[in-house]
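The UniProt record's numbering puts the first residue of the sequence shown at 1, with every later residue one more than the last.
First comes the structure, then the notes that go with it.
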Amino acid sequence: MAPEQPGKAKTSKAPPKTVAEFTILPLTLPTLSGLPEQCKDPKHYIYVKPHMPSVPTITDERSLFVANVPIDATETNIRTLFADKLGGSRVERVEFDAAIPAQTMHKRWKTDKAEKKDNEQRGKKRKRNEEALVAEGVIEDEDSALPSIWPGELRRSGSGAIVVFVDKSSARGAMKEIQRAVKESRSIHWKSGDAALGIERYKSHNTLTYPTPSSLQSSLNAYLTQFNALETLRNKHRKHARSVPDEDGFITVTRGGRAGPARLEDAEKKKAELEDRKKKNAVKDDFYRFQNREKRKEVEMGLRRRFEEDRKRVERMREGRGRVRPER
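Okay, structure coming up:
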């Protein structure tokens, strides 16, 4: 029986450098702690092409579309990648399409310092903002919100981003540098962001899940302070609504009774204006043509009637003037 010949060693096929219109750029991710040796220096592939959306914009010519960004990608990471590893192109901004938020997004409280400074210059807008603030209710900010339980935010797997450069030449230079790096099989290391990954992320999550009583107390104090300020504004708004009539002359009645005497003069003025408006907008008696005919006919009949009465009175006076009255 013939001896078996040893099989040939399998050689790994090199990954493609392009797919469709995308250029495939391999990135070397940092090694996470707690992983086995075969997971050292993992590779991550991003897909880059000039940005050509279906609806053109003014920034298309100086933008690149990047697909499959790393999950810890931030604007700082992207800027560092192009500035240090890909020719030093200057990035204006980065627009990500999706993210897994690590903490709740809070609306801006309208009575902070920036809003106060702006409202001092525009008195009328300040009044509108206070009314809107009362209507919206309690809005949590960073101080009054509960502590976060996740360290930083991550991108969804397969997310994309639009990298907008300062000018057209920077975008073209960055794309050429990416193609040159792929052709030369250059090793490009990805710099991780502030968000912890791997087992460290879950250790931090476990720690943040049980905050200290002092941190909880500070957030509660900030929340109650904000709530009291909003209640003061609401009460002020209710008090103002109780004493000021609306455009129809009515005064708002709220629970708890009136806080003070109503402004009767304003109410009477509103009522008089409402009556004048009704009279002005009502249908007049001489609106139709037949009404004008009837009115002229009535006037004519009245004149004839008075004429006949006056004629009879004159005749009686003449008859009485010609008679001789005997003395008794």
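Yeah, the Cβ is synthetic: ideal placement off N, Cα and C, and Gly gets one too.
Nearest neighbour of E200 by Cα position, chosen from K49, P151, A272, turns out to be P151. Nearest Cα to G198 within the set T31, P15, L25, F22: T31. In this structure, DSSP gives P70 a state outside helix and strand, which the three-state scheme calls coil. As the crow flies, the alpha-carbon of A83 is around 23 Å from that of I58.
The secondary-structure analysis by DSSP pairs S63 across a beta bridge with V164. DSSP places Y47 within a strand segment (E or B) once states are collapsed to three. Residue range 75 to 80 is occupied by the alpha helix (DSSP H) that includes R79, with no beta strand (DSSP E) assigned at that position. Partner residues in a beta bridge of L274, as assigned by DSSP, do not exist. The DSSP-derived three-state label of V182 is helix. Boundaries around R201 are those of the alpha helix (DSSP H), 199 to 208, since no beta strand (DSSP E) includes it.
Contact between the region 42 to 56 and the region 20 to 27 is established, with three or more Cβ pairs separated by less than 8 Å. Apart from the 5 residues on each side of it in sequence, S187 sits with its Cβ closer than 7 Å to the Cβ of T28 in its chain, given in chain order. Taken atom to atom, the span from the alpha-carbon of R311 to that of N292 is near 29 Å. A Cβ-Cβ separation of about 5 Å places K168 in contact with R62 under the 8 Å criterion. Within 10 angstroms of the beta-carbon of L154 lie 16 or more other beta-carbons, which makes it buried. Per the coordinates, the alpha-carbon of L230 lies some 47 Å from the alpha-carbon of W190.
Per DSSP, the continuous beta strand (DSSP E) segment holding E95 begins and ends at 91 to 96.
Under the DSSP assignment, I24 falls in the beta strand (DSSP E) whose first and last residues are 22 to 28. Residues of the same chain with a CB within less than 6 Å of the CB of I71, apart from the 5 flanking positions on each side, are L154, R155 in chain order.
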